[in-house]
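In the working numbering, the protein residues as written are 93 to 243.
Structural data, given as structure tokens:
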């Protein structure tokens with residue numbers, strides 16, 4: 093589902109390229125990042141902030157070394173001028189989490205575009221649900237804490 097407020101063709105094109113790269117993210121996708129992301133991109137997620145395309149590529153390279161699989165299903169796109177919000181679900185597997193089975197994580201990305209490229213991206217997701225809850229001892233503690241907060 094896409095809600096269009098105002099948009100340019102370059103925003104649509106960039107978002108389509110981004111969706112295609114993230115659909116099956118792996119080491120072979122990394123060279124395509126420089127086509128989508130601005131050289132001075134600021135990328136922020138719960139892990140940290142990465143400034144510039146080289147830092148972003150390095151971050152993804154490191155993350156992708158350890159996963160078996162990582163892909164995103166962009167479920168909704170909201171566009172307003174040169175900004176967009178993406179609602180997504182990530183499917184991933186890591187050999188150390190849940191015996192390598194496929195796990196799912198929902199998240200949202202806020203993007204700003206300039207010169208036909210993403211110059212700012214901030215990802216919002218639950219890092220505990222992504223990692224901590226799947227680590228045996230830590231997972232039990234995180235789940236217990238969440239249960240106490242619900243009560």
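Here a beta-carbon is modelled for each residue, glycine too, at the ideal position from N, C-alpha and C. If you're wondering where the values come from, they're calculated on a predicted model, not measured in any experiment.
Cβ neighbour criterion (16 or more within 10 Å) applied to residue i
i           : result
residue 103 : buried
residue 106 : buried
residue 133 : buried
residue 176 : buried
residue 213 : buried
residue 114 : buried
residue 167 : exposed
residue 194 : exposed
residue 110 : buried
residue 125 : buried
residue 219 : exposed
Straight-line Cα distance separating residue j from residue i
i           : j           : result
residue 122 : residue 144 : 14 Å
residue 120 : residue 153 : 10 Å
residue 148 : residue 190 : 27 Å
residue 128 : residue 197 : 23 Å
residue 116 : residue 180 : 13 Å
residue 140 : residue 151 : 10 Å
residue 172 : residue 242 : 35 Å
residue 101 : residue 169 : 15 Å
residue 142 : residue 108 : 23 Å
N- and C-terminal bounds of the alpha helix (DSSP H) containing residue i
i           : result
residue 133 : Element bounds for residue 133: not the alpha helix (DSSP H) but the beta strand (DSSP E), 129-137.
residue 155 : 145-158
residue 106 : 101-115
Close-in-space but distant-in-sequence residues of the same chain around residue i (CB under 7 Å, 5 per side omitted)
i           : result
residue 216 : 199 and 200
residue 130 : 206, 207, 209, 210 and 211
Own chain, CB closer than 8 Å to residue i, minus 5 neighbours either side, in chain order
i           : result
residue 192 : 160, 185 and 186
Residues near residue i by beta carbon distance below 6 Å, same chain, minus five either side
i           : result
residue 240 : none
residue 182 : 164 and 197
residue 203 : 176, 210 and 213
residue 137 : 215
Bounding residues of the beta strand (DSSP E) (the contiguous stretch that carries residue i)
i           : result
residue 202 : 195-206
Note to self: If contact is defined by three or more beta carbon pairs under 8 Å, each pair taking one atom from either stretch, is the region 180-187 in contact with the region 159-166?
What the structure shows: yes
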